[in-house]
Amino acid sequence: MLNPLYIGPYKLASNLLLAPMAGITDRPYRDICRSFGAGLTTAEMISSDVSLWDSKKSSTRLISKDETEPRCAQIVGTDPETMANAAKRCADQGIQIIDINLGCPAKKVCNKAAGSALLQYPDQVEAILTKVVSAVDIPVTVKIRTGWSNKNKNALQIAHIAEQSGISALSIHGRTREEGFTGNSEYETIRLVKQQTSIPVFANGDISTIHDAAYILNYTGADGLLLGRVTRGKPWVFAEINHYLKTKKIPSPLSTNEQIKAALAHIYTIHRYYNSVLRVRMANKHIGCYLNTMSTQQSVSKDILIKIFTAKNSSQQLEQFSNALEELTNSPKTRDSITKVVKL
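Numbering (our numbering), first residue to last: 185 to 528.
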């Protein structure tokens, strides 16, 4: 069993965290992951340029004060002063934990010398972390990769800089920026960082099953796990892993009916959260993942898939999603489930 975990003054509900994912970890997604036991959810990465925060796109990425505590936002940038200003703005808006992105491998981020590109410049990392930590009275955390490339794996150096700068916790993805998401994560670097630092360390990368989670925690000695892509279409993975970590027993799979209820509730929440222009497009990002998770025995017919992804409004999309789930599960009860969800 893992020890209770704090980030600053905040005790986390579990040692499993939801990784921030651009275009994915919006408010509806954070809420459903919390409901299944995520100990901390972080909003989508936002630019440290606060002049951009008033745009319609950025407004949906900001966190409101009615979210479950602790509220965590992730900022990305390259200039220490600008990053500090963004952190202050977050704190003023009720954010309780700031996460600094030093791990994003996207070209459009790295080309601006931000994200994982900063791993090449330890002095700049130190300047940013020191400036941000001194600018706010709330905990600051950092997400990194094992290094820029296999020839420059400097996660341990960056971790020491983070600890000395007053960073409260560190998440490490087990690949370099050069590797992106190819190949397999390695955990030896994470293990070394945990052994040689005293701040909480979260392991990230290729955590697909309960057995993966148990092995990675045991091997690295990490304080917790940061779950990302594995949660897509399966937010209940938090409950499954938490159950095993507490009991050492494999939990019974979530029933098909409960999976359907969770998926429908999530999609309907997306429709309520976004305006009529965005809601169908945002829901499509998740519908495909849910269908993949539930397609264990058979696949959805091409005709229904076309109708789902060409739906013009919420009613059409929910109707066709319900049809797809019925087809996958051979369960007419899906129709009853959607009726109950829509009445929530």
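Glycine included, every Cβ here is placed at the ideal spot set by N, Cα and C.
Less than 6 Å between C-beta atoms, sequence neighbours within five positions excluded: which residues of the same chain meet that for residue i?
i       : result
Cys-473 : Arg-416, Gly-417
Ser-235 : none
Ile-216 : Pro-419, His-450
Glu-251 : none
Ala-268 : Lys-315, Val-316, Ala-319
Ala-387 : Ile-374, Ile-400, Thr-404, Ala-406, Leu-409
Ala-197 : Gly-223
Leu-438 : Trp-420
Gly-221 : Ser-198, Phe-422, Ala-423, Asn-426
Buried or exposed for residue i, please, with buried defined as at least 16 other CB atoms from any protein chain shown within 10 angstroms of its CB.
i       : result
Ser-436 : exposed
Pro-254 : buried
Arg-456 : exposed
Tyr-458 : buried
Gln-501 : buried
Asn-426 : buried
Gly-389 : buried
Glu-372 : exposed
Glu-363 : buried
Val-461 : exposed
Tyr-194 : buried
Ser-369 : buried
Thr-366 : exposed
Thr-431 : exposed
Ser-485 : exposed
Tell me, please, which residues DSSP counts as bridged to residue i.
i       : result
Asn-388 : His-357, Leu-410
Cys-288 : Cys-288 pairs with nothing; no bridge assigned.
Ala-257 : Ile-282
Asn-336 : Ser-333
Leu-201 : Leu-224, Leu-410
Just verifying my parser: in three-state terms, what is the DSSP assignment at residue i?
i       : result
Thr-226 : strand
Arg-214 : helix
Leu-196 : coil
Val-529 : The requested residue 529 is not part of the displayed model; the chain covers only 185 to 528.
Thr-440 : helix
Ile-328 : strand
Ser-231 : strand
Tyr-458 : coil
Tyr-190 : strand
Phe-365 : coil
Val-484 : coil
His-427 : helix
Gly-299 : helix
Leu-376 : helix
Val-526 : Only weak support is given to the placement of Val-526: the predicted model assigns it a pLDDT of 49, under 50, and the value that follows is read from those uncertain coordinates. Correct three-state label for Val-526: helix.
Pro-419 : coil
Ser-506 : helix
Leu-246 : coil
Ser-529 : Coverage of the chain is limited to positions 185 through 528, which leaves residue 529 absent and any answer about it impossible.
Glu-370 : coil
Asn-497 : coil
Tyr-399 : helix
Ala-206 : coil
Tyr-474 : helix
Tyr-452 : helix
Gln-304 : helix
Asn-468 : helix
Enumerate in chain order the residues of its own chain whose CB-to-CB distance from residue i is below 8 Å, with the five nearest sequence positions on each side excluded.
i       : result
Glu-228 : Pro-204, Met-205, Ala-206, Gly-207, Ile-208, Thr-209, Asp-210, Arg-245, Gln-258
His-344 : Gln-380, Thr-381
Asp-233 : Gly-261, Thr-266, Ala-270
Glu-469 : Inspection of the sequence shows that residue 469 is occupied by Lys rather than by Glu. Taken in chain order, the residues that qualify are Gly-207, Ile-208.
Asn-402 : none
Can the beta-carbon of residue i be found less than 8 Å from the beta-carbon of residue j?
i       : j       : result
Met-478 : Leu-512 : yes
Gly-265 : Lys-315 : The amino acid at residue 265 is misidentified as Gly; the sequence shows Glu. For Glu-265 and Lys-315, yes; Cβs fall inside 8 Å.
Glu-424 : Ile-394 : yes
Glu-408 : Leu-202 : Glu is not the amino acid found at residue 408; the sequence shown has Gly there. Not a contact, by the Cβ cut-off of 8 Å.
Val-324 : Ile-374 : no
Ile-279 : Ile-312 : no
Tyr-428 : Ala-398 : yes
Ile-490 : Ala-508 : no
Ser-506 : Val-464 : no
Ile-322 : Glu-347 : no
Ile-342 : Pro-289 : no
Ser-352 : Ile-191 : yes
His-357 : Gly-287 : yes
Leu-411 : Leu-200 : yes
Short of 7 Å in beta carbon distance, which residues of its chain neighbour residue i, apart from the five on each side in sequence? Order them along the chain.
i       : result
Gly-331 : Leu-303, Lys-337, Asn-338, Ala-339, Thr-360
Val-320 : Ala-271, Lys-272, Ala-275, Ile-282
Ile-492 : Ile-471, Gln-501, Gln-504, Phe-505, Ala-508
Ala-495 : Val-464, Gln-501, Gln-504
Pro-212 : His-450, Thr-453, Ile-454, Tyr-457
Lys-378 : Val-385, Thr-404, Gly-405, Ala-406
Glu-310 : Ile-345, Ser-349
Indicate whether at least one CB of chain D lies closer than 8 Å to the CB of residue i.
i       : result
Arg-375 : The structure shown contains no chain D; it holds only a single protein chain.
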